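J.: Residue numbers (my numbering): 388 to 466.
Note that CB positions come from ideal geometry on N, CA and C, so glycine has one too.
Just so you know, these numbers come straight off a predicted model, no measurement behind them.
1) If we ignore side chains and look at the alpha-carbon of each, how far apart do residue 412 and residue 427 end up?
2) Among the candidates 463, 459, 424 and 404, whose CA atom is the shortest distance from the CA of residue 394?
3) Could you compute how far the alpha carbon of residue 388 sits from the alpha carbon of residue 399?
4) How many whole angstroms separate the CB atoms of residue 457 and residue 432, which I take to be in contact at a CB cut-off of 8 angstroms?
5) To the nearest angstrom, report how far apart residue 422 and residue 430 are at their CA atoms.
6) So what does DSSP say about residue 434, is it helix, strand or coil?
7) Considering Cα atoms alone, identify which of 405, 397, 466 and 391 is closest to residue 453.
8) Could you check whether residue 448 and residue 407 sit closer than 7 angstroms to each other, using their CB atoms as the reference points?
In C-alpha cells form, the structure reads like this:
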C-alpha cells in the first residue's frame, strides 16, 4: 500500500469516529476494506498523534475521549 493510500485510510477511520459510526472493529475493517489488525494499527497511529480513542459499547462505535481534529495533509500559506 502506498503512503497516500495509508493516509486516506486514516482519514476514513477518523471520519467514522467523528460520526460515531465505526461499529465494531470487524465492522470497521469491512467499511475500510482492510483487516481488523490494520484497524488496531490505525487506532495506535492516531493515539500516537494525541487522539485518544475509546470504544463505546452503547453506541457501538469508537469515539475520541476529547474533542479535536486530526490534521493530515498540506495547507498552503502566504509565507
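T.: From the atom records:
1) Residue 427 has its alpha-carbon roughly 8 angstroms from the corresponding atom of residue 412.
2) Per the Cα distances, 459.
3) When rounded, the separation of the alpha-carbon atoms in residue 388 and residue 399 is 15 angstroms.
4) Going by Cβ atoms, the distance from residue 457 to residue 432 rounds to 10 angstroms, so no, they are not a contact pair.
5) If you take the alpha carbons of residue 422 and residue 430, they lie about 13 angstroms apart.
6) Three-state result, residue 434: helix.
7) The option with the nearest alpha carbon to residue 453 is 405.
8) Going by beta carbons, residue 407 and residue 448 fall inside the 7 angstroms limit.
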